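Written below as structure tokens is the structure these notes are about.
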């Protein structure tokens, strides 16, 4: 295994650990929101967890994770801002997204294909705006992890 492959494997392991921690926050928060959908502290915790997962997925180049976490974050932000009242179907869809994120982040788990991701994103967008006015999402931006791992600049000579 080359040093670059080892670095990428390490980053994916870190992403998997991050996903495990953040999906636990999401699961607990979503179950609390099922009982009280306007609970501000739970909305905030869930939104932050989805946002963190989106960023972590982007850093390691897991575009499927970026797409799923992004639409979940959109839903939670809409609820925070009062543009959406969470109903059981929203909570169910968000819990499905949490499961999907864990499948994406778990090495060796059943494969999640692009069709699964597209179907999930379309379903949650439909719940966000049943009239169909939500603009389709652009594909996630490709991100090269090596851009983050640059060698430090040499110090000036005294």
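Residue numbers (the numbering used here): 19 to 176. Beta carbons are placed, not taken as given, at the ideal position from N, Cα and C, and that holds for glycine. All values reported here derive from a predicted model rather than from experimental measurement.
- Judged by DSSP in its simplified three-state form, residue 70 adopts helix.
- Residue state for residue 57 is assigned as coil, using DSSP reduced to three classes.
- In this structure, the beta-carbon distance from residue 142 to residue 65 does not fall below 8 Å.
- Using a Cβ-Cβ distance cut-off of 8 Å, the segment 40-49 and the segment 59-78 are in contact, since at least three pairs of beta carbons, one from each stretch, lie closer than that value.
- Minimum Cα-Cα distance from residue 82 among the listed residues 144, 147, 129, 105 corresponds to 129.
- Annotation for residue 113: 48 place their beta carbon closer than 6 Å to its own, counting only its chain and skipping 5 residues before and after.
- A distance below 8 Å separates the beta carbons of residue 75 and residue 87.
- In the DSSP annotation of this structure, residue 101 is not part of any alpha helix (DSSP H), being labelled neither H nor E.
- In the three-state scheme derived from DSSP, where H, G and I count as helix and E and B as strand, residue 41 is classed as helix.
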